Each structure stands twice: as C-alpha cells, then as structure tokens.
Ligand code: F6R
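See the structure below:
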C-alpha cells in the first residue's frame with residue numbers, strides 16, 4: 007500500500023529518494039517523508055500531501071547525507087497528517103523508521119510501552135516498532151530490529167536507521183513486499199517496496215522472504231533469517247540470489263500520454279499479444295503454459311477449480327469461470343479472496359485453487375492461496391509481477407506479462423488476466439476432449455484479439471463525446487449477460503474508482519428484480535448487447551429502461567441501425583467468439599470511465615483513498 011525506498015551509497019541521498027518516491031506514489035499518496043543521516047545526526051522532513059509537497063519543503067529547508075529512508079503513505083491508523091507521516095522515531099529521535107503493513111497488536115504494545123515511559127507522537131500503529139527498537143537497542147540496530155520483530159503481530163516491510171550509524175540501513179520483511187537493489191557500477195545499495203523505485207539505478211534485485219532482516223551498507227548487504235519461531239530470535243545468515251529485471255524505464259513512464267491509465271489502455275493490443283506470446287500452438291489448436299507443467303497431473307485429475315482474487319482480478323476470475331466451464335466443462339467457483347480465507351472452505355481432493363493478482367502481493371489473495379495450500383490443494387497463480395510473493399508461493403503459475411501497471415485503476419492487467427484464463431481454458435479443454443478444429447478456431451480468435459482492441463481504440467473520439475454528455479451524472483448502471491456480466495461489474499468499478507460516480511453492475515435480467523426502481527431520466531444505463539444467444543433478451547431489457555425514461559448507451563457488435571434509433575448512444579465494437587467478447591468489450595468501458603473522470607477534473611492516476619497494491623486486510 008505505502009511505498010518505501012531507502013538508499014545508502016556514495017551519492018547524495020535526497021534526490022535519489024525523492025525520485026524513488028515519485029515512482030512509488032501510485033502505491034499510496036496521502037503523505038510523504040524522509041530521513042537522512044547527515045553524518046552527525048538524523049534529519050527528518052515530512053508533510054501531509056504528495057511527494058511534490060515534500061520536494062518543495064526540501065527546497066525551502068534542505069538536508070544532505072549519503073544514506074536515507076523515505077516513505078509515501080496510505081493511511082490505515084491515523085489521519086493523513088504530518089505527525090502521522092513516516093519516518094517515525096523513538097522517544098530520543100535516535101531511530102527513524104518507515105513501515106508498510108499493519109501492526110495488529112499495536113494497542114496492547116502501545117499500552118505496555120507507555121507504562122514504561124515511552125511518549126508517542128503519532129496515532130500510527132507503526133510508531134510502536136520504533137519504540138520497541140529503542141527498548142531493545144544495545145548498540146546494534148539489526149539485533150534491536152530482530153528483537154522488536156519478536157513482539158509484533160501483523161504484516162511489515164520496514165526500513166530503519168540509527169543515529170549511531172551513518173552508513174547503515176536495516177530492513178525487515180514479514181508479509182509486505184520488500185526488495186534490495188544492488189548498485190551496478192557504483193557503491194550503492196537500495197531497499198524498496200517495489201522495483202519501480204530503483205529501476206532507474208539498477209536491475210539487480212534481491213527479493214526478501216518473510217522473517218528476513220537485511221543489513222545494507224554502501225558495499226552490499228547481509229541477509230539474516232530470523233527463523234520461524236517468533237518467540238526467539240534466530241540468527242542465520244542466508245545467501246541470496248540476485249535476479250535480473252528485464253523491464254526498462256520506458257515502461258514506467260507516460261510515453262506522451264497525459265495519464266498512465268490512458269497509456270495502459272492504449273497498450274492493450276500489445277498486452278494481449280504479450281500474454282499469448284509463445285503460448286499459442288496454432289497447428290494443434292491448443293496453448294502451451296510451461297509454468298503449469300508441475301501441476302499437469304493435478305490438472306488432469308481436477309474435478310473443480312476455485313479461482314480467487316480481489317477487485318478487478320476477481321472480475322477476471324468471473325470471466326474465467328464462464329470460459330473454463332464452457333470450453334473445458336470443468337466446474338469453476340469464484341471466491342472473493344477476503345471471504346475464502348476466513349470461511350473454512352471445503353477443499354475436497356481434486357480441487358485446484360488459483361489466485362489471480364496483478365501485483366502478486368494483495369494480502370487477502372496471498373492469504374487465500376496460503377489457506378488453500380494448508381488445506382492440501384494444489385495452488386497456482388495468475389500473476390503479473392514477476393517474483394512477487396503469490397508467484398513465489400504458489401506451486402505453479404501463469405505470468406500475465408502485462409508489464410508494470412502504474413495507473414491505480416487496473417486496465418491492461420485485467421485483459422492480460424482474461425487472456426491468460428482463456429489460454430488456461432483452451433489448454434484444459436483440449437486435454438479433456440475439445441476437438442482439434444474447435445481448438446484451432448479458438449486459437450485464431452485469440453490471435454485476432456489485438457487487432458480488434460485496436461479497432462475499439464480507434465473509436466476513442468466517439469467515446470469521449472459520449473462521456474461529455476454524461477460527465478455530470480450521479481449514478482450509472484451497467485448491465486450485461488453471460489461472460490459480459492463481469493464486464494458490467496468491471497465497467498462500473500472503473501467508473502466509480504476514478505470519477506467517484508456511484509455505479510453498479512448487474513446481470514441484465516436481474517434489473518427487473520430491483521434495480522429497475524432506480525430508472526428515471528437521471529439514470530444512464532450502459533448495456534452490453536453483442537449479437538448472440540441472449541441478444542433478443544437484452545433488447546427487451548433495453549426497451550424496459552427506455553419505457554421508464556432511462557438514458558441508454560449500448561455496446562453492440564456490427565451495424566445496428568434499428569437499435570441506434572431507439573437508444574441514446576451506440577458504441578460499436580468488433581465481434582469475436584462470445585467467450586472472448588469480454589476482452590473487447592471492456593476497452594470502451596475503460597475509455598468511457600477515463601474520459602468522464604478527466605472531464606470531472608479527477609486525478610485519474612491517483613484516485614482518492616485508493617492504493618495500487620493492497621497489502622493490508
Ligand atoms: C481496480 C483495482 C483493484 C485491484 C485489486 C486486486 O481497478 O485495481 O480492484 O484489482 O486491489 O489487486 P491485485 O490484482 O494486485 O491483487
């Protein structure tokens with residue numbers, strides 16, 4: 007949720023930290039701060055607001071030093087104020103700390119520490135960790151951090167510095183992502199919660215595991231495993247593998263677009279191509295998914311698949327349910343990860359569990375796949391971020407290869423997830439009796455998707471004009487049937503996230519069971535009406551809305567002159583196979599939400615209250 011970046015090396019820390027924070031701002035952006043060691047002490051600067059505000063403060067009131075830690079916050083405990091911004095300190099200001107995650111036993115610890123005389127200056131849960139380090143400090147920061155960890159429950163990724171050590175940062179991970187960047191041609195070591203913060207400087211990355219503490223100095227790092235027994239402090243140095251990241255900087259810049267979200271919407275023809283690259287076997291009419299090889303026997307024996315995820319990833323799972331059931335005739339259930347993890351799920355033999363996640367770090371999805379594994383299910387991930395926790399902890403997986411997604415509202419990651427699920431469905435279907443010819447035509451349809459998305463993108467001006475008419479709306483309804491029902495949910499989610507217009511998605515036929523009461527001339531309704539089995543039924547629903555004065559926007563496939571006379575706006579989309587139509591249909595809905603949000607003056611890439619990666623429950 008929040009973003010952490012830290013640097014220790016030969017260079018001046020402040021510009022490097024500010025730059026890293028800027029790259030992380032999509033993770034949380036309600037307050038920001040940094041601490042650097044000046045050589046004689048720790049200097050802190052922090053503020054409520056954005057990284058730009060922090061940068062301005064530093065111009066007015068500069069600090070300098072060659073080691074520092076910085077943070078951009080998404081508030082959990084305590085309002086987004088300067089006092090609650092990180093870094094946080096102990097009573098004497100001798101320890102500075104930045105923290106991601108949630109300390110679940112912070113109330114009990116705060117009470118105990120207060121009785122011991124500690125004075126708290128923030129309302130955050132994180133501050134208790136600074137005081138625990140102070141309690142345990144006997145001249146060695148890493149030992150004190152390790153001791154503090156034995157007393158906290160919850161999730162953390164943290165970085166700490168001590169006034170006594172000008173060239174040392176101690177970091178620790180338990181449940182919240184943290185990685186180290188190893189300087190390539192310079193004496194420099196980095197810590198970050200996200201590779202985007204360090205990519206400009208190094209592509210040599212070390213991923214920390216839970217219960218690892220690392221000591222960072224300009225010349226490198228040492229990593230210690232604290233052991234699983236949290237009652238005691240273990241102390242076992244662990245060799246760490248260095249991974250090479252193949253993203254380049256261009257992928258995390260706007261490339262001339264006004265917003266990351268628009269860039270990412272426009273990237274989608276490539277996104278779908280990348281998700282399928284090397285995986286389509288045209289001749290055999292199937293897909294090759296090497297990352298699932300290890301699960302092949304389980305997949306062949308599977309009697310049921312549970313797909314789990316949150317938000318947009320959950321919507322992708324719903325589309326996946328339609329695809330897998332129709333194509334492979336394998337029962338699929340979709341569960342919100344946050345519900346699955348706590349509801350004592352039934353995992354009978356023959357059940358596979360797949361976690362879908364762009365970031366690979368979403369706390370609920372991670373907990374759900376862990377719970378599934380604990381109950382004995384073979385697990386797989388459908389994950390975008392390479393090396394992320396869900397990718398590492400599941401037994402097998404499909405990387406979606408969407409590249410970094412910076413816009414907080416997910417767009418390209420969604421189409422990559424659905425494309426990956428389509429590949430999965432095809433592969434399983436062919437192993438369960440789908441004919442080669444049918445497989446081939448599905449492959450051809452998949453192969454044609456990038457061009458179809460390109461056609462939709464070419465209609466952006468028309469969609470912008472539709473947006474102009476509805477930018478003042480207070481509510482929106484999205485309706486679709488079959489595999490387009492999840493697209494109705496996704497269209498509504500996109501709109502509410504970035505424009506703050508209340509929007510709901512429903513299966514079209516459900517409208518008359520309640521939502522129809524909301525229809526009047528102030529209620530725009532977006533229908534998905536591709537030609538197909540339920541087309542005539544959707545037309546009936548459109549008539550029902552028009553009869554009550556509702557304003558109707560319809561996504562249609564092909565030429566629809568008759569419909570055009572009945573409804574307020576038609577958005578034509580090219581047709582593909584019904585099971586793949588969601589991948590095409592979601593694109594105009596993303597554009598509609600984007601343009602409405604821009605017209606309303608909203609901060610599209612950093613919508614209020616949201617964060618890109620939800621690493622807390
Ligand atoms: C919506 C959105 C969120 C995420 C959700 C899961 O635009 O981005 O709903 O889809 O927080 O995130 P991941 O996919 O990273 O697990």
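Residue numbers (the working numbering): 7 to 623. Ideal Cβ positions, reconstructed from N, Cα and C, are used throughout, including at glycine. The structure displayed is predicted, hence computed values, not measured ones.
Placement of the Cβ of residue 363 at a distance of less than 6 Å from at least one heavy atom of the ligand F6R is found. Looking at the DSSP output, residue 185 shares a beta bridge with 198, 213. Taking the C-beta atoms as reference points, residue 448 is found no nearer than 7 Å to residue 485.
The region 181-195 and the region 11-21 touch, with three or more beta-carbon pairs separated by less than 8 Å. Relative to the ligand F6R, the beta carbon of residue 620 is positioned inside 6 Å of a heavy atom. Residue 49 sits in a strand when the DSSP states are folded into three classes. Residue pairing from DSSP places residue 219 in a beta bridge opposite 178, 230. Relative to the non-hydrogen atoms of the ligand F6R, the Cβ of residue 53 never comes closer than 6 Å to any of them. Unbroken beta strand (DSSP E) stretches of 3 residues or longer found wholly inside the region 529-614: 530-535, 557-563, 575-579, given in chain order.
DSSP lists 50, 75 as the beta-bridge partner residues of residue 41. Residue 62 counts as exposed, since fewer than 16 other C-beta atoms from the protein chains shown sit within 10 angstroms of its C-beta. In this structure, residue 415 has its CB closer than 6 Å to one or more heavy atoms of the ligand F6R. Residue range 418-437 is occupied by the alpha helix (DSSP H) that includes residue 420, with no beta strand (DSSP E) assigned at that position.
With respect to the 7 Å criterion, residue 386 and residue 400 are classified as neighbours on the basis of their beta carbons.
Out of 363, 80, 528, 593, the CA that lies nearest to the CA of residue 469 is found in 593.
Taking C-beta atoms as the reference points, residue 139 and residue 151 count as a pair closer than 7 Å. The ligand F6R has no heavy atom closer than 6 Å to the beta-carbon of residue 608.
Ranked by how close their Cα comes to the Cα of residue 563, the residues 555, 554, 584 have 584 in first place. Within the DSSP bridge table, the entry for residue 166 names 103, 176 as partners.
DSSP places residue 271 in the uninterrupted alpha helix (DSSP H) bounded by 266-272.
In terms of Cα proximity to residue 128, the closest of 93, 442, 162 is 93.
Shortest Cα-Cα distance from residue 350 to any of 555, 378, 327 involves 378. In the three-state scheme derived from DSSP, where H, G and I count as helix and E and B as strand, residue 120 is classed as helix. In this structure, residue 214 and residue 174 do not form a Cβ contact; the two beta carbons are roughly 17 Å apart against a cut-off of 8 Å. Restricting attention to 131, 243, 375, the CA atom closest to the CA of residue 353 is found in 375. Pairing residue 411 with residue 419, the inter-Cα distance amounts to about 7 Å. Residue 492 and residue 621 have their C-alpha atoms roughly 24 Å apart. Going by DSSP, residue 344 is part of the alpha helix (DSSP H) stretching over 343-346.
Excluding five sequence positions before and after residue 288, the CB atoms of its chain that fall closer than 8 Å to its own CB belong to 446, 449, 450, 453, given in chain order. If you draw a 10 Å sphere on the C-beta of residue 320, you find 16 or more other C-beta atoms in it, and that means buried. Here the alpha carbons of residue 488 and residue 218 stand approximately 46 Å from one another.
Of the candidates 74, 112, 258, 143, the residue whose Cα lies closest to the Cα of residue 97 is 143.
Nearest neighbour of residue 80 by Cα position, chosen from 66, 130, 41, turns out to be 130. Taking C-beta atoms as the reference points, residue 166 and residue 64 fail to come closer than 7 Å. Cβ-Cβ separation between residue 462 and residue 590: approximately 6 Å, consistent with a contact (criterion under 8 Å). Beta bridge pairing from DSSP links residue 363 with 389.
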